[in-house]
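A quick write-up on the structure given underneath.
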Amino acid sequence: MPLATKVSAIRLRAPPTPSIAPSPWPAAEKFQVLLLMLGHKIAPHKGWEKFFTPSGRPRKVHKCSYCEYTTLKTSNLQNHLLVHTGQKPHECSFCRKKFRTKSHLQIHLLTHYKN
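Counting in the working numbering, the sequence shown runs from -14 upward without gaps.
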């Protein structure tokens, strides 16, 4: 059987129906289910690939010891832990207001430069 025929046979094959009871789907719905299943085989579980290396090995996932937060980057976990500890290590040199992240401090600094 040529390859093109094998591929089309795979695409057109309906899901197996139980021999005990008749299928609850009309023929058109069977084809829609088949297309959904084929799409799932082509692009399964989008978003999960970031948890695995290109070779398929799992990446290290960092977990918060206070809540259910998980991340792939250590720096993200360190920033997240500041929420639980209440620390605000970044301080404005003009008004002494403190921030958890450097980016929030930089946004705040714009208020001083606008005046």
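Backbone N, C-alpha and C define an ideal beta-carbon position, used for all residues, glycine too.
C-beta contact flag for residue i and residue j at 9 Å
i: GLN72; j: ARG81; result: no
i: LEU90; j: GLU76; result: yes
i: ARG57; j: LYS83; result: A small fix is needed here, since residue 57 is Leu in this sequence, not Arg. Contact: no.
i: HIS69; j: TYR98; result: no
Close beta carbons around residue i, own chain, < 8 Å, minus the five adjacent residues each side
i: ASN64; result: ARG85 and THR86
For residue i, three-class secondary structure by DSSP
i: THR56; result: strand
i: LYS35; result: helix
Continuous alpha helix (DSSP H) stretch holding residue i: start and end
i: LYS87; result: 87 to 99
In DSSP terms, what residue i is bridged to
i: PRO43; result: PHE37
i: LYS83; result: GLU76
Beta-carbon contacts of residue i that lie in its chain and below 7 Å, excluding the five residues immediately before and after
i: PHE37; result: PRO43 and ARG44
i: LEU94; result: CYS77
i: THR59; result: HIS47
i: PHE79; result: HIS97
Beta-carbon contacts of residue i that lie in its chain and below 6 Å, excluding the five residues immediately before and after
i: THR55; result: VAL46 and LYS48
i: SER(-7); result: With a pLDDT of only 45 at SER(-7), under 50, the local geometry of the prediction cannot be trusted, and no value is derived from it.
Distance cut-off 8 Å: residue i Cβ against heavy atoms of the ligand ZN
i: THR38; result: Absence of the ligand ZN from the depicted structure is noted, as is the absence of any ligand whatsoever, leaving it without description.
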